[in-house]
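Line by line, the protein sequences are chains A and B. In this text, residue positions in the first sequence follow numbering that gives the first Met the number 0: the first is 0, and each later residue adds one. In this text, residue positions in the second sequence follow numbering that gives the first Met the number 0: the first is 0, and each later residue adds one.
Protein chains: 2
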Amino acid sequence: MKRLTEEEINQKLKDFEGWTYAKKALHTSFQFENFKEAFTVMTRIAFEAEAQQHHPNWGNVYNELEISLSTHDADGVTEKDFKLAQAIENIVEATN
Amino acid sequence: MKRLTEEEINQKLKDFEGWTYAKKALHTSFQFENFKEAFTVMTRIAFEAEAQQHHPNWGNVYNELEISLSTHDADGVTEKDFKLAQAIENIVEATN
């Protein structure tokens, strides 16, 4: 899987509101109603990540969820990260 | 809920292998077989945290899980954190 250039990444990020590129990874964060809502979304993301065999670097405190995506083997961001980012967006939208 | 003193915390930590006290919180980390195993444990912890109405500050990357526990209202570590820490230990032991 080829690492995307910064130009390619920034072009793609135009379709991803609330996502940024920094330190060789994509980043976003979400705020939910409470812990249960946050973990419900995390569970859906976990199943999707496992299906894609591509996993997030993520952290949670109560209703807050922070996610970073990168492709370890490529030492940067690849199409795999955008595919998972899109799935995450779809899940969050569907559960709002 | 009263904040515990550093002496009280260190005394209690003698019963918690792999846990440390720093920056007003308890910290530990676990390594599992893979993402699925890590998230399975996270799910069990999530239910327990919700039942206790006390939630972890935690992060996961693939098979690694980092957990910090503190009591926001007390600006430090309380009995609540040790109660959740004990539940986490029980869950991890039961799933190994």
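Each residue gets a CB set at the ideal place from its N, CA and C atoms; glycine is no exception.
In the DSSP annotation of this structure, the continuous segment of the alpha helix (DSSP H) that includes A:Ala93 starts and ends at Glu78 to Ala93. Within the same chain, Glu65 come within 6 Å of A:Gly58 by CB-CB distance, once the 5 residues on both sides are set aside.
DSSP, read as helix, strand or coil, puts B:Leu3 in coil. Put simply, the backbone Cα of B:Glu6 is about 32 Å away from that of A:Glu63. A straight line joining the alpha-carbon of B:Met0 with that of B:Asn95 spans about 33 Å. At a cut-off of 8 Å between beta carbons, B:Ala45 contacts chain A. Here B:Ala37 is actually not in contact with A:Phe38; their C-beta atoms are around 14 Å apart, not less than 8 Å. Under the DSSP assignment, B:Phe29 falls in the beta strand (DSSP E) whose first and last residues are Ala24 to Gln30. At a cut-off of 8 Å between beta carbons, A:Tyr20 makes no contact with chain B.
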